[in-house]
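Written out below as structure tokens is the structure these notes cover.
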Amino acid sequence: MNIIPELGEVIASTPLADTHEHIIEEADRLGPAGNSFLFPCSDIFYLLAHYVANDLVSAGMTEQEVQQVLSPELDLHRRWEMLEPYWMRVKLTGYGLALRITLRELYGEDDLTASNLETLNARFQERVRPGFYREILQDVANIDHCQVNSLQRIFCESSYPELLRQDLSIMPLSTPPDVKGMAAETGVEAGTLDEWYEVIERVFEKYGPRAVAVKSQAAYGRPLNYEDVPKDVAAPLFERHARGEELAWPEMKALQDHLFRRCVSVATEYGLVVKLHTGYYAGANYMALDRVGANPADMCTLLRDFPRTTFDIFHIGYPYQEEMIAVAKHFTNACIDMCWAWIINPNACVRFLRDFLMAVPWHKLHVFGGDFFPVENVVGHAAVARRGIAVALTQLVEDKWLTLEQALALVPELMHRNAARNFGLESRPGAAASAV
Numbered sequence: 004m005n006i007i008p009e010l011g012e013v014i015a016s017t018p019l020a021d022t023h024e025h026i027i028e029e030a031d032r033l034g035p036a037g038n039s040f041l042f043p044c045s046d047i048f049y050l051l052a053h054y055v056a057n058d059l060v061s062a063g064m065t066e067q068e069v070q071q072v073l074s075p076e077l078d079l080h081r082r083w084e085m086l087e088p089y090w091m092r093v094k095l096t097g098y099g100l101a102l103r104i105t106l107r108e109l110y111g112e113d114d115l116t117a118s119n120l121e122t123l124n125a126r127f128q129e130r131v132r133p134g135f136y137r138e139i140l141q142d143v144a145n146i147d148h149c150q151v152n153s154l155q156r157i158f159c160e161s162s163y164p165e166l167l168r169q170d171l172s173i174m175p176l177s178t179p180p181d182v183k184g185m186a187a188e189t190g191v192e193a194g195t196l197d198e199w200y201e202v203i204e205r206v207f208e209k210y211g212p213r214a215v216a217v218k219s220q221a222a223y224g225r226p227l228n229y230e231d232v233p234k235d236v237a238a239p240l241f242e243r244h245a246r247g248e249e250l251a252w253p254e255m256k257a258l259q260d261h262l263f264r265r266c267v268s269v270a271t272e273y274g275l276v277v278k279l280h281t282g283y284y285a286g287a288n289y290m291a292l293d294r295v296g297a298n299p300a301d302m303c304t305l306l307r308d309f310p311r312t313t314f315d316i317f318h319i320g321y322p323y324q325e326e327m328i329a330v331a332k333h334f335t336n337a338c339i340d341m342c343w344a345w346i347i348n349p350n351a352c353v354r355f356l357r358d359f360l361m362a363v364p365w366h367k368l369h370v371f372g373g374d375f376f377p378v379e380n381v382v383g384h385a386a387v388a389r390r391g392i393a394v395a396l397t398q399l400v401e402d403k404w405l406t407l408e409q410a411l412a413l414v415p416e417l418m419h420r421n422a423a424r425n426f427g428l429e430s431r432p433g434a435a436a437s438a439v
């Protein structure tokens with residue numbers, strides 16, 4: 004379709020707040036690869052690691068073959084021979100589209116082929132130098148700031164504190180409680196629930212004032228029906244867990260329920276938004292769709308029980324985005340985040356954005372998060388999101404649901420001002436000036 008020119012121009016030039024990433028630190032990218040799933044190789048195939056690799060498995064490639072493609076132990080052309088038939092099957096998906104845009108915008112090539120493999124790899128290597136994160140995110144992708152949920156530590160002390168704002172992970176505080184890890188973090192060797200409360204307080208005292216939000220991806224491994232478990236029930240369960248006893252799942256769930264609610268309460272006192280994974284699973288061949296389908300109803304209980312807490316509901320709850328629109332419309336403290344969703348299903352996200360704007364107050368939406376390990380992939384994902392925003396707003400104008408003036412006024416609100424307001428960035432140290 005033809006995008007309204009004025010909309011396309013404004014959307015292309017407006018900085019985009021990136022409310023969810025897993026980007027590793029630039030210093031790690033400048034060092035050796037191969038020590039972590041976050042950085043398995045330091046060549047052009049690194050861009051496949053997240054998320055194209057998932058679609059490769061969906062298309063029939065084995066996990067072992069994927070790991071070989073991501074291993075620097077084989078030469079590039081041998082790895083390409085393994086990859087090529089599967090790449091041809093997945094390059095048209097949202098994941099493949101975002102990667103192809105990244106290749107074009109950063110390296111001047113429209114696709115990954117046998118003939119341009121060496122050229123792409125050389126250009127990829129040339130870009131990896133001190134300062135390349137800022138160059139890629141701000142100069143190329145026009146990203147205002149990123150909010151990073153580090154998978155390396157509970158809170159990452161970033162070398163780019165204004166560009167890469169950090170979430171505080173509450174996973175090791177609650178799901179399940181990482182007693183040994185948090186002893187190293189806080190100096191408290193907790194054996195009782197009251198001592199674990201002290202651990203939680205110390206973590207929030209240290210990182211809460213600098214965190215942009217707290218984050219939990221517990222929905223990958225359990226339902227979000229966090230029940231209100233009394234302290235006297237949770238206390239003996241924690242003591243057994245701290246001693247190294249294995250709890251049965253009903254017992255572990257009760258302990259996690261109690262500690263998650265404790266973390267939410269403390270986060271609320273620090274004025275922090277609670278970000279929750281909902282919806283589709285990364286990876287392949289293990290998703291529990293019945294549990295995913297229960298996410299919207301489970302969110303309703305949390306939203307009722309914590310009316311002072313703002314929840315940022317991730318990934319539009321895909322494929323249950325219509326239910327999540329109803330949740331956001333009904334509950335004052337519910338925001339929806341489109342992070343990752345644009346490349347899971349770009350067309351579904353265009354429909355979602357149209358429907359959301361017709362049903363829910365617009366300030367409750369965060370329209371982009373790359374959700375990547377490799378910083379380069381943010382470029383392609385951001386381009387997909389910009390196009391999707393332009394298509395959705397053009398359709399609403401052409402269908403006469405919005406005037407062009409109304410659509411143009413929404414652009415900066417959706418693209419960065421909502422995030423600035425909802426995450427309190429105007430009043431927090433290190434806020435990106437353009438997000439105000």
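The numbers in my numbering rise by one with no breaks, and the one at position 136 of the sequence shown is 139.
All C-beta atoms in this analysis are idealised placements derived from N, C-alpha and C, irrespective of residue type, glycine included.
Taken atom to atom, the span from the alpha-carbon of N124 to that of Y210 is near 38 Å. The beta carbon of V267 sits closer than 7 Å to those of V277, F309, T312, all from its chain and outside the five residues before and after it, given in chain order.
By the criterion of at least three beta-carbon pairs nearer than 8 Å, the stretch 370-386 is in contact with the stretch 93-102.
Under the 10 Å beta carbon count, A222 is surrounded by 16 or more other beta carbons and is classified as buried. Closest option to A351, judged by alpha-carbon separation, among I203, T96, T406: T96. In this structure, DSSP gives T65 a state outside helix and strand, which the three-state scheme calls coil.
Secondary-structure assignment with DSSP links H369 through a beta bridge to D340.
Judged by their CB atoms, D31 and P75 are not nearer to each other than the 8 Å cut-off. When the beta-carbon positions are compared, L305 and F317 stay at least 8 Å from each other.
Here C44 carries a coil assignment [DSSP, helix/strand/coil]. The stretch 46-56 and the stretch 66-73 touch, with no fewer than 3 CB-CB distances between them shorter than 8 Å. Fewer than three pairs of CB atoms, one per stretch, sit closer than 8 Å, so the stretch 255-266 makes no contact with the stretch 296-304. The beta carbon of R205 lies closer than 6 Å to those of T189 in the same chain, with the five residues before and after it left out. Of the other Cβ atoms in all chains shown, fewer than 16 fall within 10 Å of the Cβ of M361; this residue is therefore exposed. In this structure T178 is buried. Its beta-carbon is surrounded by 16 or more other beta-carbon atoms within 10 angstroms.
At the C-beta level, Y89 and A56 stay beyond 8 Å of one another. Under the 8 Å Cβ criterion, the stretch 238-248 does not count as touching the stretch 216-230, having fewer than three qualifying pairs.
Across the set I328, D147, P415, R390, the C-alpha of R390 shows the shortest separation from the C-alpha of P349.
In the three-state DSSP reduction, D181 falls in the coil class, being neither helix nor strand. According to the DSSP assignment, F314 belongs to the beta strand (DSSP E) that extends over 314-316.
Under the DSSP definition of a beta bridge, H148 partners with A20.
For K332, the uninterrupted alpha helix (DSSP H) segment begins and ends at 324-333. For the 8 Å CB-CB criterion, I392 and L368 do not form a contact. Between the stretch 372-381 and the stretch 17-28 there are three or more inter-stretch CB-CB distances shorter than 8 Å, so the stretches are counted as touching.
Taking A395 as the centre and dropping the five residues before and after it, the same chain places the C-beta of V353, L356, R357 closer than 6 Å to its C-beta, in chain order.
Membership of S268 in the alpha helix (DSSP H) is indicated by the continuous run 252-272. Residue pairing from DSSP places L171 in a beta bridge opposite V217.
Separation of the CB atoms of L176 and I203 is rounded to 5 Å, and the pair is thereby assigned contact status at 8 Å.
DSSP places V387 in the uninterrupted alpha helix (DSSP H) bounded by 380-401. Bounds of any alpha helix (DSSP H) do not take in K278; it lies within the beta strand (DSSP E) bounded by 276-279.
Straight across, the Cα-Cα distance linking C338 with Y323 is about 15 Å. Within the model, the alpha-carbon separation for R168 versus E29 is close to 14 Å. Looking at V13, A117, I157, E165, the one whose alpha-carbon comes closest to that of R137 is E165. Inclusion of A214 and F158 in the CB contact set at 8 Å is warranted, their separation being smaller than that value. Assignment of I27 by DSSP, reduced to helix, strand and coil, places it in the coil class. Rounded to whole angstroms, the gap between the alpha carbons of E112 and N119 is 8 Å.
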